[in-house]
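In my numbering, the protein residues as written are 25 to 239.
Even glycine gets a Cβ: it sits at the ideal position worked out from N, Cα and C.
Note that the coordinates shown come from a computational prediction; the quantities given were computed from them, not determined experimentally.
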């Protein structure tokens, strides 16, 4: 007599074999577990790679924002300082009169120095302030002196580091550019200045600022 399906299943179990339906009811097979682990591993690796790319992208974005912020701060300070430049002769620590605006070509450490208006913290009636820009140790700095006349300290603000070159030119009232500003008239101001810097972070940068627009 031919055995029926029930007897065949029972015989298979007795001989060490488990039907597929019964195996599914009791859990996954070894092959299924290996496939699941492989898929999980691939998903984990993809997630880690995505997080790594996101972190690098964020670092790059932060660096670019910081670099852009440096240039914008320099532009904002120079724009404000140049606009408020005043034709006011001042005196150095030895009492010698100095031009209202002194500008070098960039070969000297002090690039330029001048008197400006509009300093809200000034203790003089005209709210004047003497400021300067210099390149020291590869750092372009702004100096805000405590006094308009005489000696005294200065508040130093670093603007851009890694600067290898800083060149200045000065435009006069006739539209001609000069490498230095030292007119016979000590109260005379340039019409504009051109600042060219070369730095490791920003490369070659040329900026032009109008002088005395806040008068």
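Between the C-alpha atoms of residue 216 and residue 205 there is a straight-line separation of about 11 Å. In the three-state reduction of the DSSP assignment, residue 208 falls in the coil class. Under DSSP, residue 70 forms no beta bridge with any residue. In its chain, beyond the 5 residues on either side, 113, 114, 115, 210 have a beta carbon closer than 8 Å to the beta carbon of residue 121. In this chain, the beta strand (DSSP E) harbouring residue 229 covers 227 to 234. A Cβ-Cβ separation of about 5 Å places residue 139 in contact with residue 110 under the 8 Å criterion. No residue range can be given for residue 132, since it is assigned to no beta strand (DSSP E) and is classified by DSSP as neither H nor E. In the three-state reduction of the DSSP assignment, residue 94 falls in the helix class, which pools H, G and I. About 6 Å separates the Cβ atoms of residue 166 and residue 183, confirming a contact at the 8 Å cut-off.
Assignment of residue 163 by DSSP, reduced to helix, strand and coil, places it in the strand class.
Of all alpha-carbon atoms in 185, 203, 213, the one lying nearest the alpha-carbon of residue 197 is that of 213.
The beta carbon of residue 94 lies closer than 8 Å to those of 183, 184, 225, 226 in the same chain, with the five residues before and after it left out. Rounded to whole angstroms, the gap between the alpha carbons of residue 63 and residue 71 is 12 Å. When the beta-carbon positions are compared, residue 158 and residue 133 come within less than 8 Å of each other.
Cβ-Cβ distances below 6 Å link residue 194 to 127, 202, 205, 214, 217 in the same chain, with the five nearest sequence neighbours on each side left out; the list follows chain order. For residue 154, the secondary structure class from DSSP, reduced to helix, strand or coil, is strand.
Residue 105 is classed as buried because its beta carbon has at least 16 other beta carbons within 10 Å across all chains shown. Cβ-Cβ distances below 6 Å link residue 137 to 126, 156 in the same chain, with the five nearest sequence neighbours on each side left out; the list follows chain order. For the pair residue 54 and residue 60, the Cα-to-Cα distance works out to about 10 Å.
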